[in-house]
Amino acid sequence: MFSIKDKVIVVTGSNGLLGNNITKVLRDEGAIVIGADIRFENKTENDYLMDITDEKSVTEVVKTIVEKYHKINGWLNNAYPRTKDWGNKLEDVPLESWRSNIDMHLNGYFLCCKIVLAQMKIQGYGSLINMSSIYGVVGPDFTVYDGTAMTTPVAYSAIKGGLINLSRYLAAYYGPYQVRVNCISPGGIFDNQPKVFVDNYNKKVPMRRMGQSKDITAAVVFLLADETNYITGHNLIVDGGWTSI
5 MFSIKDKVIV
15 VTGSNGLLGN
25 NITKVLRDEG
35 AIVIGADIRF
45 ENKTENDYLM
55 DITDEKSVTE
65 VVKTIVEKYH
75 KINGWLNNAY
85 PRTKDWGNKL
95 EDVPLESWRS
105 NIDMHLNGYF
115 LCCKIVLAQM
125 KIQGYGSLIN
135 MSSIYGVVGP
145 DFTVYDGTAM
155 TTPVAYSAIK
165 GGLINLSRYL
175 AAYYGPYQVR
185 VNCISPGGIF
195 DNQPKVFVDN
205 YNKKVPMRRM
215 GQSKDITAAV
225 VFLLADETNY
235 ITGHNLIVDG
245 GWTSI
């Protein structure tokens, strides 16, 4: 059950924390996985340099994949482009920074969706997943940042909330062609953050731990599999119960 064997699946941001783990597991499960990122440490023949904010770049990668494999079964929008001042607090965010982050992230995802879903429409099948966040669903709890210099960027909530409703729109638009569009909204993922932050977070979440990459990968496999081909327009929240309280 939930097999993705021999499916051609593209993972954007495949060189990042989540992307790296997702790509590895999907390959282990027998999928033909195309990694797409703006940089690679150890590039393989199935890794493509791609900038999600560049229409020509995305178009050429999609064209190359279709010419080689004649299909794209799945696409995960997981890239995480951001400006250098991404971690600034609201008072220190210039309007230009806000605009740049919305343009790179939200508009970059839209660009990928538009190009890839056009191909899936021709095929008459396909599953596209947009990576959102719990902060696209609920407001942030700023107390988890007490004792640290950390915060959650204001643009992040706007971007991730926008992606959820964009996915619903696209699910309705492409549903007649048997093309599915869903979101995954992770909670906080452990990435060697300061201990005080991890402790604060763990106290707040019902399962008393931060998420791990493997928790999100399981959700990706689920939504890519044929067994879930009647699920579309859904936001799958994987957060240890954070949004339940």
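Each residue of the sequence shown is one higher than the one before, counting from 5 in my numbering. Where a beta carbon is used, it is the ideal one built from N, C-alpha and C, also for glycine. These numbers come from a predicted model, not from an experiment.
Check: Given a threshold of 16 other Cβ atoms within 10 Å of its Cβ, counted over all protein chains shown, does H109 qualify as buried or as exposed?; Outcome: buried
Check: Should T57 go down as buried or exposed, given a rule of 16 or more other Cβ atoms within 10 Å for buried?; Outcome: buried
Check: Please work out which residues of its chain come closer than 7 Å, Cβ to Cβ, to R31, disregarding the five sequence neighbours upstream and downstream, and give them in chain order.; Outcome: V37
Check: In the DSSP output, which residue or residues are listed as bridge partners for L240?; Outcome: I188
Check: Using CA atoms only, rank isn't needed, just tell me which of T156, K118, Q197 and G215 is closest to L94.; Outcome: T156
Check: Alpha carbon to alpha carbon, how far is N24 from G237? Give it in angstroms, no decimals.; Outcome: 26 Å
Check: Are R212 and N206 closer than 8 Å when you measure CB to CB?; Outcome: yes
Check: Helix, strand or coil for I119, going by three-state DSSP, please let me know.; Outcome: helix
Check: Under 8 Å Cβ to Cβ from D150, same chain only, skipping five residues before and after it: list those, please.; Outcome: V200 and N204
Check: Can you give me the start and stop residues for the beta strand (DSSP E) that W90 sits inside?; Outcome: Premise fails: W90 is in no beta strand (DSSP E) and is neither H nor E.
Check: My parser needs the beta strand (DSSP E) runs of 3 or more residues fully inside the segment 33-71; what are they?; Outcome: 36-41 and 51-53
Check: Between S131 and D195, what straight-line distance do the alpha-carbon atoms span, to the nearest angstrom?; Outcome: 28 Å
Check: Note down, in chain order, each residue of its chain lying with its Cβ closer than 7 Å to the Cβ of G179, except the 5 sequence neighbours on either side.; Outcome: T236
Check: Would you kindly check if the distance between the Cβ of I193 and the Cβ of G215 is under 8 Å?; Outcome: yes
Check: Give the range of the alpha helix (DSSP H) segment to which W246 is assigned.; Outcome: No alpha helix (DSSP H) contains W246, which DSSP labels as neither H nor E.
Check: Please state whether DSSP places V200 in a helix, a strand or coil.; Outcome: helix
Check: Let me make sure I understand the geometry here. Which of N134, V70 and D96 has the alpha-carbon closest to that of K88?; Outcome: D96
Check: Ignoring anything shorter than 4 residues or poking outside the segment 134-187, list the alpha helix (DSSP H) runs there in chain order.; Outcome: 158-178
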